[in-house]
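Read the structure below first, then the notes.
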Amino acid sequence: MQYSHSDDELWDEHQWDAHISEVEKKSDQLRKFITTDPRGGSTPRWITLLEESVSEDDAFEAYVEEELLLDEAYFPDDEDWEDEDEFDEDEFPFNALEEYDEDAEMDFDEGEEWKALSEDFAYSNYGSLDNLRIYSRSKNLAIDVLRWALSIDEKHQSPEIDDFVEETLKIGAKLAGGYSFGFDHEYMGANIAYTKRSLLYANNGLNRLVQLKGKGLFKKSDYLGLHERFHELRNDIGVYVQELRDRFHRG
Numbered sequence: 001m002q003y004s005h006s007d008d009e010l011w012d013e014h015q016w017d018a019h020i021s022e023v024e025k026k027s028d029q030l031r032k033f034i035t036t037d038p039r040g041g042s043t044p045r046w047i048t049l050l051e052e053s054v055s056e057d058d059a060f061e062a063y064v065e066e067e068l069l070l071d072e073a074y075f076p077d078d079e080d081w082e083d084e085d086e087f088d089e090d091e092f093p094f095n096a097l098e099e100y101d102e103d104a105e106m107d108f109d110e111g112e113e114w115k116a117l118s119e120d121f122a123y124s125n126y127g128s129l130d131n132l133r134i135y136s137r138s139k140n141l142a143i144d145v146l147r148w149a150l151s152i153d154e155k156h157q158s159p160e161i162d163d164f165v166e167e168t169l170k171i172g173a174k175l176a177g178g179y180s181f182g183f184d185h186e187y188m189g190a191n192i193a194y195t196k197r198s199l200l201y202a203n204n205g206l207n208r209l210v211q212l213k214g215k216g217l218f219k220k221s222d223y224l225g226l227h228e229r230f231h232e233l234r235n236d237i238g239v240y241v242q243e244l245r246d247r248f249h250r251g
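In terms of the numbering used here, the sequence shown is residues 1 to 251.
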C-alpha cells in the first residue's frame with residue numbers, strides 16, 4: 001500500500017490511528033454500498049465469499065484482498081515511489097556484470113530456504129506476508145472458523161455467529177494491511193496502527209467465542225482448541241506490536 005502525507009513530519013502510530021480510522025469509515029460505507037443486495041436481502045459477506053470461492057482458503061484470501069482494496073481506495077498514491085522504482089544506469093554499471101561471481105549466486109540461492117523460514121527476514125521489505133507466522137496462524141484459524149460456521153444448521157445461524165466469523169477474518173486482514181506498509185521508519189506507524197486493529201479483533205473474537213460457548217454450537221474439544229488458539233494468537237500479536245514499536249523508536 002502506497003501513501004504519502006503532505007508534509008515532512010514523521011507520523012507516529014497515534015497520528016496514523018486517527019487517519020486510518022477516517023479511512024475505515026469511508027471504506028465501510030463503500031463496502032455496504034458494494035455488498036448490499038438490491039433485492040433487499042442481507043446475506044453475510046462471509047457466506048457470499050464462500051459461495052463465490054472454490055474453498056475456505058480462497059474465501060479468506062478474497063476477503064483480505066477486498067479489505068486491502070477498499071482501504072487503499074482512500075490512500076492517495078505517492079508519485080515519488082514511481083521515481084524510486086526507475087532504473088538508474090549510473091547506480092548499476094554494466095561492467096559489474098563481467099565481475100559477477102557465480103559462486104556468490106550459489107551462496108545466495110542456498111540461503112533462500114533459510115531466509116524464507118526466518119522471522120527476521122519476514123520483518124523486512126524483502127520478506128513475504130506468508131512468512132509472517134502470526135499471519136499464517138490467523139489464516140488457518142479463520143479457515144477453521146469458516147468451516148465450523150458452515151457446519152452449523154441454518155436454523156441456528158445468528159448475527160452473533162456472523163460477527164464471530166467477521167471478526168476472525170479481520171485478524172488476518174488487518175495484519176495484511178499493516179504488512180503492506182512495510183518496515184521503513186516513515187511508514188512503521190501505519191504498520192503498528194493496523195496491527196493494533198488486528199490485536200483488537202483477536203481479542204473481540206476470543207470474547208465472542210466465550211459468549212457462544214453456552215449455545216451448544218461446539219463440541220467441548222473443538223471449543224477448547226479454538227479458545228487456546230485465539231488466546232495464543234492474541235498474545236503473540238501483542239508481542240508483535242511491541243516489537244514494531246521497538247523498531248520504530250530505534251529509528
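In this text, a Cβ means the ideal position worked out from N, Cα and C, and glycines have one as well.
Whether residue i touches residue j by CB criterion (8 angstroms)
| i | j | result |
| --- | --- | --- |
| Ile20 | Ile134 | no |
| Arg208 | Glu160 | yes |
| Glu146 | Leu50 | The sequence given here has Leu at residue 146, not Glu. Yes, the Cβ-Cβ distance between Leu146 and Leu50 is below 8 angstroms. |
| Ser55 | Ala62 | no |
| Asp71 | Glu22 | no |
| Leu141 | Tyr179 | no |
Residue i versus residue j - alpha carbon distance
| i | j | result |
| --- | --- | --- |
| Leu169 | Leu10 | 31 angstroms |
| Glu183 | Arg31 | For the record, residue 183 in the displayed sequence is Phe; it is not Glu. Each residue's Cα considered, the two are about 28 angstroms apart. |
| Ser42 | Gln157 | 13 angstroms |
| Glu166 | Glu13 | 25 angstroms |
| Gly111 | Gly214 | No answer about Gly111 holds up, because its pLDDT of 49 lies below 50 and its placement is not dependable. |
| Arg247 | Glu186 | 12 angstroms |
| Ser221 | Arg250 | 44 angstroms |
| Asp17 | Lys26 | 14 angstroms |
| Gly199 | Ser136 | In the sequence on display, residue 199 carries Leu and not Gly. Approximately 15 angstroms between the Cα atoms of the pair. |
Residue nearest to residue i in terms of C-alpha spacing, selected from the options
| i | options | result |
| --- | --- | --- |
| Ala176 | Gly205, Gly189, His185, Ser138 | Ser138 |
| Asn203 | His185, Glu186, Arg229, Asp153 | Arg229 |
| Arg197 | Phe60, Asp153, Tyr240 | Tyr240 |
| Tyr201 | Leu129, Lys25, Ile171 | Ile171 |
| Gly216 | Asp153, Arg250, Gly251 | Asp153 |
| Gly127 | Ser151, Ala149, Phe181 | Phe181 |
| Trp46 | Lys220, His249, Ala149 | Ala149 |
| Asp28 | Leu199, Arg250, Ser136, Leu69 | Leu69 |
Other residues of its chain near residue i: CB distance less than 8 angstroms, five sequence neighbours each side excluded
| i | result |
| --- | --- |
| His231 | Leu206 |
| Leu212 | Glu160, Ile161, Phe164, Phe218 |
Cβ-based neighbour list, residue i, same chain, cut-off 7 angstroms, excluding 5 preceding and 5 following
| i | result |
| --- | --- |
| Asp57 | Ile143 |
| Leu244 | Met188, Asn191, Ile192, Thr195 |
| Gln15 | Gly189 |
| Leu226 | Leu209 |
| Tyr223 | Lys213 |
Contacting residues, own chain, Cβ-Cβ under 6 angstroms from residue i (five flanking each side not counted)
| i | result |
| --- | --- |
| Glu98 | For Glu98, the predicted structure reports a pLDDT of 47, less than 50, and the residue's modelled location is therefore unreliable. The matter cannot be settled from this model. |
| Ala173 | Val64, Glu67 |
| Val210 | none |
| Pro44 | Asp162 |
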